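See below for the structure under consideration.
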Amino acid sequence: MKMRTLVASVGVAALALTVGACGKDGTPAASGGGGSSTGDCGDLHKFDVAAAADVAGSATYAKIKARGNAVVGVKADQPNLGYKDANGKRCGFDIEIARMVSAQLGLDPDKIEYKEIPSANRETAIAGGEIDYYVGTYSITDKRKKLVSFAGPYFIAGQDLLVRKADTSMDAGKDALKGKKVCSATGSTPIQKVKDENLTEASNISEFKTYSECVSQLLDNKTDAVTTDDAILKGYAANAPEELRVVGKPFSTEKYGIGLPLADKPLRDKVNAGLEASFGDGTWQSLYDATLGKSGSAGTPPPLEKY
Ligand code: GLU
C-alpha cells in the first residue's frame, strides 16, 4: 500500500506504528534491534538498580521514594527516541535515559509510570508536580530555565527540515523556506525560530501537538516541510526512506536536558552525576548505539553543563 493511502486510512495516531512497521525478523538496519525498533520495541537495556540511593534535601526524590516508583514525562511518537509500539511497549534513547535515571535513583525502571506530555505542556507538567522528571527531546533554553531546571545535556541535536523525497527545492536549508508551507509542534523551539526569523509567511505555518501529525500533513501534500530537531526527523525518514528525507543542513543547537522541578538542585546534581558516570563507563554509548544510532548517525556524549 502506498504510504499516503496508508496514512489516510489508518489515521495520524497510528502513523509511527505503521510506517515501515517491521517484525522482529527482517527488521531494516535503519530502524531495528535493541529496543530501538520503529515497529515493535525490542529488548530494553538491563540496568542495575542502585541499592542505597538517597538524595538529601530533594523534595522530588522524597515523593518518588514514598511512592516507590518514578512518574516520568515522555513522547510516544518519536521513533528511536520516545516511542510506544502497538503492544504498548516503550523504547528509544529518551526512554532508556529515563530508565537509567530511575535505576540510579534506586527505583526499578520497569515500574516507571509514563505520562505522554506534548512539547507545549512540559513546563506546566513539571512545575505542577504532575511528573517527577521529563525526558523527551527537551531543549535547555534560558526561557525554560525560569520555570524548570535541567540536568544534562545528554545529547545535542540541531533544527533541520524533513521533506518529500523528490522535492529538492529546500535543499539550501532554512533560507529556502520563504513561500513554503512549514509544519512544527506548538510550544517547541523550532516553531519559535520559524516565527522569530520570519523563515516563511505566517499564513504558511501550521502547528500541531505532535510531530507525527506534521509528518502526516507532509505525506498528504498539505505542507512542504516539517521542521524540528534532526534527531527526531531522522527517525521518521528512517521509517519511510522511499517517501521522506532530511535535508541535512542543521541551523540551531538543541541541547537535550532532563527536565526537573526548578527548586530541586539536589536532584539535578544527582541526575548529573549519574549522566556523567554513564558518559564515562560506556553505558551512554551502548544506549545510543542501540536506539538513536539506528536513525543513521554516530553519536558521542556532550559536555555536561552543571549549574
Ligand atoms: N528540542 C526542541 C524543543 O525542545 C524540539 C523538540 C520537541 O518539541 O520536543 O522544543
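Per numbering that gives the first Met the number 0, the sequence shown runs over residues 0 to 306. Here a beta-carbon is modelled for each residue, glycine too, at the ideal position from N, C-alpha and C. Computed from a prediction, not measured in an experiment: that's the story for all the values here.
Check: Can you tell me the Cα-Cα spacing of K173 and G151, whole angstroms?; Outcome: 28 angstroms
Check: Does F250 come out as helix, strand or coil in the three-state DSSP assignment?; Outcome: coil
Check: Just to confirm, is the Cβ distance from V134 to I96 under 7 angstroms?; Outcome: yes
Check: Just to confirm, are I130 and V147 a CB contact at a threshold of 7 angstroms?; Outcome: no
Check: Rounded to a whole number of angstroms, what is the C-alpha to C-alpha distance between C90 and A55?; Outcome: 31 angstroms
Check: Would the segment 285-293 and the segment 266-276 be scored as touching if the rule is three or more Cβ pairs under 8 angstroms?; Outcome: no
Check: Report the residue ranges of all beta strand (DSSP E) runs contained in full by the segment 83-149; include only those spanning at least 3 residues, in chain order.; Outcome: 112-115
Check: State yes or no: is the C-beta of T123 within less than 7 angstroms of the C-beta of L266?; Outcome: no
Check: Excluding sequence positions up to five away, which residues of its chain have a Cβ less than 8 angstroms from the Cβ of G186?; Outcome: P117, S118, A119, N120, R121
Check: CB K385 to CB E212, shorter than 7 angstroms?; Outcome: The structure shown does not extend to residue 385, since the chain is modelled only from 0 through 306, so no value can be given for it.
Check: Applying the criterion that 16 or more other CB atoms from any shown protein chain within 10 Å of the CB defines a buried residue, is K269 buried or exposed?; Outcome: buried
Check: If you run the structure through DSSP and keep just helix, strand and coil, what is Y255?; Outcome: strand
Check: By Cβ distance, which residues of its chain are closer than 6 angstroms to A308, with the 5 residues on each side in sequence left out?; Outcome: Outside the shown range of the chain, which is 0 to 306, sits residue 308, and nothing can be said about it.
Check: Taking 6 angstroms as the limit between beta carbons, can you name the residues of its chain near S101, skipping five residues before and five after?; Outcome: A69, P108, I111
Check: Check this for me: beta carbons of K293 and N79, under 7 angstroms apart or not?; Outcome: yes
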